[in-house]
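Worksheet: one structure, shown below.
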Amino acid sequence: SLGNLRVKVWALLDACPEEYENVFRKYFEPQDLVLLRFQGAGNRTTFGKQIDILLEQTDSELVYFAEDDYVYLPGQFPRMVDFLRCHKDADFISPYDHLDCYTLKIHRRPKWIQVHADHHWRTAASTCFTFLTRKVTLRQTQRIFRTYCRRNGDCALWLSLTKEAVFNPLLFFRFAMQNAKFARIMAKSWFYGGRQILFGKRMKLWVPVPGIATHLDTHALSPTIDWAALILEQAKATGSAIRTSAAALR
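For the sequence shown, the working numbering assigns the number 1 to the initial residue and increments by one for each residue that follows.
As structure tokens, then:
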């Protein structure tokens, strides 16, 4: 998916077998790859490490957080880079058009739409922790992102940055009556990010429509694309393990 982009990759391998290292070495040149090994540190600890690495590096002003359980469309990643460079109001970009944006009431809010390079882009209230941003933006918002290391959730964290739905007390009480999970999300957003909500900049998170990647969650695949077929097609050159994953998606 990277196309002709030149990238440097830090791979955080947390109790991973040697085969994982071999995959990274296969696709990236030694000068563009740093392998960091952990022994059961956990997701929250390694997320904090990602923030440290990307703020300390001097290779690029554009930085990307990449969770491992994603599948990308071939050659599409440069679209995100181009959109971010061309739009000053793009603070964050996720490649994942999350199905929750179409199915959950917490996301039923007005959205901005842009057409750029023959592709549609839409603002979103939240996403997961796979996203592109500028180094300066990450530095400005690192305090909020580091709350994940203190047991904040991804959706609550993003809501405090985008400020979507958090100023509606009626919505909170409705969630409290109908869905305790979303009431907890909104409460966490205020608990960990109240200062950002009241005094911080309202950030814009953009996603491509259709998405150019999907989280491998069988209940929330990015819509309109047959991801299982795509994985099966790619599996012809990469082995049976991916075929098993594709079968699970079906």
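Think of the CB as a built atom: it goes at the ideal place given N, C-alpha and C, for glycine as much as any other residue.
All figures in this text were calculated on a predicted structure; none of them were measured in a lab.
**Prompt:** Which first and last residues belong to the beta strand (DSSP E) in which residue 207 is found?
**Reply:** Taken as a continuous stretch (DSSP letters only), the beta strand (DSSP E) holding residue 207 covers 205-209.
**Asked** Which class does residue 247 belong to by DSSP, given the choice of helix, strand or coil?
**Response** Annotation note: pLDDT 44 at residue 247 (below 50); position unreliable, no value reported.
**Asked** By how many angstroms is the C-alpha of residue 146 removed from the C-alpha of residue 100?
**Response** When rounded, the distance between both Cα atoms is 24 angstroms.
**Asked** So what does residue 125 bridge to, in DSSP terms?
**Response** None; residue 125 has no bridge partner.
**Request:** Name the residue from 172, 140, 102 whose alpha carbon lies nearest to the alpha carbon of residue 219.
**Result:** Nearest of 172, 140, 102 to residue 219, Cα basis: 102.
**Asked** Can you pull the DSSP bridge partners for residue 93?
**Response** According to DSSP, which records beta bridges pairwise, residue 93 is partnered with 132, 206.
**Message:** Could you check whether residue 54 and residue 81 sit closer than 8 angstroms to each other, using their CB atoms as the reference points?
**Reply:** Against a cut-off of 8 angstroms, the Cβ pair of residue 54 and residue 81 comes out as no contact.
**Message:** Which complete alpha helix (DSSP H) runs does the segment 162-204 hold, if anything under 4 residues is left out?
**Reply:** Counting only runs of 4 or more, we get 169-178, 180-199.
**Asked** In angstroms, rounded to a whole number, what distance separates the CA positions of residue 105 and residue 30?
**Response** Approximately 46 angstroms between the Cα atoms of the pair.
**Asked** Is the beta carbon of residue 175 less than 8 angstroms from the beta carbon of residue 182?
**Response** Residue 175 is a Cβ neighbour of residue 182, given a cutoff of 8 angstroms.
**Item:** Contact belief for residue 7 with residue 24 at Cβ below 8 angstroms, rounded distance in angstroms
**Value:** Actually they do not touch by this definition, with Cβ atoms about 12 angstroms apart.
**Request:** Tell me whether residue 34 sits in a helix, a strand or coil according to DSSP, three-state version.
**Result:** Three-state result, residue 34: strand.
**Message:** Under 8 angstroms, with one C-beta from each stretch per pair, do the segment 67-81 and the segment 208-228 reach the 3-pair mark?
**Reply:** Counting Cβ pairs under 8 angstroms, three or more are found: they touch.
**Asked** Do you know offhand how far residue 90's Cα is from residue 84's?
**Response** Take the alpha-carbon of residue 90 and the one of residue 84: they are about 6 angstroms apart.
**Request:** In angstroms with no decimal places, state the Cα-to-Cα distance between residue 142 and residue 15.
**Result:** C-alpha of residue 142 to C-alpha of residue 15: approximately 26 angstroms in a straight line.
**Request:** Would you tell me roughly how many angstroms separate the C-alpha atoms of residue 244 and residue 200, rounded to the nearest one?
**Result:** Its pLDDT being 45, under 50, residue 244 is placed unreliably by the model, and the measurement read from it follows with that caveat. In this structure, the alpha-carbon of residue 244 lies about 45 angstroms from that of residue 200.
**Message:** Is it the case that the segment 105-121 contacts the segment 30-40, given that we only count it when at least three CB pairs across the two stretches are under 8 angstroms?
**Reply:** Contact between the segment 30-40 and the segment 105-121 is absent, because fewer than three Cβ pairs lie under 8 angstroms.
**Request:** Output the distance between the C-alpha atoms of residue 27 and residue 177, rounded to the nearest integer angstrom.
**Result:** Taking the straight line from one Cα to the other gives about 50 angstroms.
**Item:** Reference residue 79; option with closest CA among 163, 190, 2
**Value:** With respect to the C-alpha of residue 79, the residue from 163, 190, 2 having the closest C-alpha is 2.
**Asked** Cβ of residue 86 within 8 angstroms of Cβ of residue 116?
**Response** Yes, these two residues count as a Cβ contact at 8 angstroms.
**Prompt:** Going by other Cβ atoms of all chains shown within 10 Å of its Cβ, with 16 needed for buried, is residue 207 buried or exposed?
**Reply:** Looking at its Cβ environment, which holds 16 or more other Cβ atoms inside 10 Å, residue 207 is buried.
**Message:** Can you tell me whether residue 194 is buried or exposed? The criterion is at least 16 other CB atoms within 10 Å of its CB, across all chains shown.
**Reply:** Counting Cβ neighbours within 10 Å, residue 194 comes out exposed, since fewer than 16 surround it.
**Prompt:** With 16 other CB atoms within 10 Å as the buried threshold, where does residue 137 fall?
**Reply:** By the neighbour-count rule (16 or more Cβ atoms within 10 Å), residue 137 is buried.
**Message:** My assumption, with CB atoms under 8 angstroms, is that residue 77 sits in contact with residue 5. Please give the rounded CB distance.
**Reply:** With 8 angstroms as the limit, residue 77 and residue 5 qualify as a contact, their Cβ atoms being about 6 angstroms apart.
**Closest Cα partner of residue 65 within the set 57, 50, 153** = Nearest C-alpha to residue 65: 50.
**Cut-off 8 angstroms between Cβ atoms - residues of its own chain near residue 129, not counting five sequence neighbours on either side** = Sequence-distant Cβ neighbours of residue 129 in its own chain, meaning closer than 8 angstroms and more than five residues away, are 47, 65, 67, 148, 154.
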